[in-house]
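Okay, so the sequence shown: first residue is 119 according to my numbering, each after it adds one.
Where a beta carbon is used, it is the ideal one built from N, C-alpha and C, also for glycine.
Worksheet: the structure to be examined is printed underneath.
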Amino acid sequence: MKRGLWFGTNWKMNMTPGLARQWTDTVTAYMQNMPSDHRLFVMPPYPLIPQLLRDTEGTGLIVGAQNCHWESRGPYTGEISPALLKEIGAHNVLLGHAERRKQFDETDEVIGRKVSAALHAGLGVVLCIGEGATLKGKQTETRQFLEQQLAVALRDIPSIQPERLVVAYEPVWAIGVGGQPPQAEEVADALSSIRQTINQMVDECVPIVYGGSVTLQNGRSLLTKTETDGLFIGRHALDPSTFIQIIETAVGERSEVE
Numbered sequence: 119m120k121r122g123l124w125f126g127t128n129w130k131m132n133m134t135p136g137l138a139r140q141w142t143d144t145v146t147a148y149m150q151n152m153p154s155d156h157r158l159f160v161m162p163p164y165p166l167i168p169q170l171l172r173d174t175e176g177t178g179l180i181v182g183a184q185n186c187h188w189e190s191r192g193p194y195t196g197e198i199s200p201a202l203l204k205e206i207g208a209h210n211v212l213l214g215h216a217e218r219r220k221q222f223d224e225t226d227e228v229i230g231r232k233v234s235a236a237l238h239a240g241l242g243v244v245l246c247i248g249e250g251a252t253l254k255g256k257q258t259e260t261r262q263f264l265e266q267q268l269a270v271a272l273r274d275i276p277s278i279q280p281e282r283l284v285v286a287y288e289p290v291w292a293i294g295v296g297g298q299p300p301q302a303e304e305v306a307d308a309l310s311s312i313r314q315t316i317n318q319m320v321d322e323c324v325p326i327v328y329g330g331s332v333t334l335q336n337g338r339s340l341l342t343k344t345e346t347d348g349l350f351i352g353r354h355a356l357d358p359s360t361f362i363q364i365i366e367t368a369v370g371e372r373s374e375v376e
């Protein structure tokens, strides 16, 4: 295998302490025999972060948050600062998710401020970018859209080690229960554009993962037919056994190809 792979999931507003412990028990047991150059990450709801950090200490599982503010403190009721996340032990934070952009009106500028603040606080960042349904299949316009999202989000970042940034390509048209299953060729075109842009802005070693309607049936093709560095798996990862099965199936297929 040419490089390590990243596999992650965002629990959104799901899971309970009991279900979370069942998930981590199953996944960390799998990780004991996982290739050493693979990385697994999970973003649970805020109250579950301390529990996951305790239950997975020393296992290598990367535990992060689903969002943060751009300020370290202040009158922002209901928000969480990157400094606080870092202090309680969170490893990284998810920023730019399509649901945050749409439901909470987060602009590219807001996301850029959050990315900069999180990195300055010492957190890693999983940065989500992706085009909407109106650009599906329009390669030139899609490329310009993604370049714009990256340009603003990464404009003010400090010098960082590549492993502190992961870019997740999640086209809006593929996300959620009603999302359209992605075609590997579409994903490959977008990932190629993203890679070229990142190489010019940050570092060629920054991992780029794909997310959006990833399943057991398409996970293998998304790894073998694109230049992705891993998969960001949605609702199918809430079941730890399915999460592991998707990883094993995709990795096995990629290993045979390489």
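Do HIS209 and VAL181 have their C-beta atoms closer together than 7 Å?
-> One-based indexing of the sequence shown puts residue 209 at position 91. One-based indexing of the sequence shown puts residue 181 at position 63. Yes, they are a contact pair.
Below 7 Å between beta carbons: does that hold for ILE229 and LEU213?
-> In the sequence shown, the residue the question calls residue 229 occupies position 111. In the sequence shown, the residue the question calls residue 213 occupies position 95. The answer is yes: Cβ separation under 7 Å.
For ALA183, which residues does DSSP report across the bridge?
-> Indexing the sequence shown from 1 puts residue 183 at position 65. For ALA183, which the question treats as bridged, DSSP gives the partners VAL211.
Could you please give the first and the last residue of the uninterrupted beta strand (DSSP E) stretch that includes VAL160?
-> Stepping through the sequence shown from its first residue, residue 160 is reached at position 42. Residues 157 to 161.
Take PHE125 and list the residues in its own chain whose beta-carbon comes closer than 6 Å to its own, dropping the five residues that flank it on each side.
-> In the sequence shown, residue 125 corresponds to position 7, counting from 1. The residues are LEU158, GLY348, LEU349, ILE365.
Near VAL324, which residues of its chain fall below 8 Å by C-beta distance, leaving aside the five closest residues on each side in sequence?
-> Position 206 of the sequence shown, counting from 1, holds the residue named residue 324. Excluding positions up to five away in sequence, the list reads PRO280, LEU283, VAL284, VAL285, ILE316.
Pick out whichever of GLU304, GLU303, ILE326 has its Cα sitting closest to the Cα of GLN314.
-> What you label residue 314 is simply residue 196 of the sequence shown in a count that begins at 1. GLN314 has its Cα closest to that of ILE326, out of GLU304, GLU303, ILE326.
Would you mind reading off the limits of the alpha helix (DSSP H) that contains THR258?
-> For the purposes of this step, residue 258 is identified with residue 140 of the sequence shown, where counting begins at 1. Residues 257 to 271.
Kindly list the residues whose CB is nearer than 7 Å to the CB of THR146, restricted to its own chain and excluding five residues on each side of it in sequence; keep chain order.
-> What you label residue 146 is simply residue 28 of the sequence shown in a count that begins at 1. So the list reads THR174, THR177, LEU179, once near-sequence residues are dropped.
With contact counted as at least three CB pairs below 8 Å, one residue from each stretch, are the segment 183 to 198 and the segment 244 to 253 in contact?
-> no
Which residues mark the beginning and the end of the beta strand (DSSP E) in which ASN128 is found?
-> Indexing the sequence shown from 1 puts residue 128 at position 10. Its beta strand (DSSP E) spans residues 124 to 128.
In this structure, does DSSP put VAL393 in helix, strand or coil?
-> The structure shown does not extend to residue 393, since the chain is modelled only from 119 to 376, so the question has no answer here.
Name the DSSP bridge partner or partners of ALA235?
-> In the sequence shown, counting from the first residue as 1, residue 235 sits at position 117. Per DSSP, none; premise fails for ALA235.
Neighbour-count burial assignment, GLN267, 16 or more Cβ in a 10 Å radius | Your numbering for residue 267 matches position 149 in the sequence shown. By the neighbour-count rule (16 or more Cβ atoms within 10 Å), GLN267 is buried.
Decide yes or no for the touch test of the segment 126 to 140 against the segment 350 to 364: beta carbon pairs closer than 8 Å, at least 3 of them.
-> yes
Just reading off the alpha helix (DSSP H) that LEU253 is part of, what are its end residues?
-> Sequence index remark: in the sequence shown, residue 253 carries index 135 (1-based). Neither: LEU253 is in no alpha helix (DSSP H) and is coded neither H nor E.
Inspect the beta-carbon positions of ALA201 and ALA236 and report whether they are closer than 7 Å.
-> Reading the sequence shown from its first residue, position 83 is the one you call residue 201. Reading the sequence shown from its first residue, position 118 is the one you call residue 236. No; because the gap between Cβ atoms is not below 7 Å, this pair is not in contact.
Return yes when the Cβ of GLY329 is within less than 7 Å of the Cβ of GLU288, no when it is not.
-> Taking the sequence shown and counting its residues from 1, the one referred to as residue 288 is at position 170. Taking the sequence shown and counting its residues from 1, the one referred to as residue 329 is at position 211. Closer than 7 Å, so yes.
Please classify GLU374: is it buried, with 16 or more other beta-carbons within 10 angstroms of its beta-carbon, or exposed?
-> Counting from one through the sequence shown, the residue named residue 374 turns up at place 256. Here GLU374 scores only 46 on pLDDT, less than 50, and its place in the model should not be relied on; the value that follows carries that caveat. With fewer than 16 other Cβ atoms within 10 Å, it is exposed.
LYS338 versus THR260: straight-line alpha-carbon distance, rounded | By 1-based counting over the sequence shown, the position of residue 338 is 220. By 1-based counting over the sequence shown, the position of residue 260 is 142. As written in the sequence, residue 338 is Arg, which differs from the Lys given in the question. Going by the C-alpha atoms only, they are around 24 Å apart.
With DSSP run on the structure shown, which of helix, strand or coil describes LEU241?
-> Your numbering for residue 241 matches position 123 in the sequence shown. Correct three-state label for LEU241: coil.
Can you tell me whether PRO193 is buried or exposed, with buried defined as 16 or more other CB within 10 angstroms of its CB?
-> Numbered from its first residue, the sequence shown carries residue 193 at position 75. The residue in question, PRO193, is exposed, as its Cβ has fewer than 16 Cβ neighbours within 10 Å.
Sub-7 Å separation of LEU334 and GLN363 beta-carbons | Your numbering for residue 334 matches position 216 in the sequence shown. Your numbering for residue 363 matches position 245 in the sequence shown. In this structure, GLN363 lies closer than 7 Å to LEU334 by Cβ.
Does the beta-carbon distance from THR344 to VAL305 come in below 7 Å?
-> If you number the sequence shown from 1, residue 344 lands on position 226. If you number the sequence shown from 1, residue 305 lands on position 187. In this structure, VAL305 lies closer than 7 Å to THR344 by Cβ.
Determine the direct distance from the alpha carbon of THR258 to that of GLN150, and round the result to whole angstroms.
-> By one-based count along the sequence shown, residue 150 stands at place 32. By one-based count along the sequence shown, residue 258 stands at place 140. C-alpha separation (whole angstroms): 43 Å.
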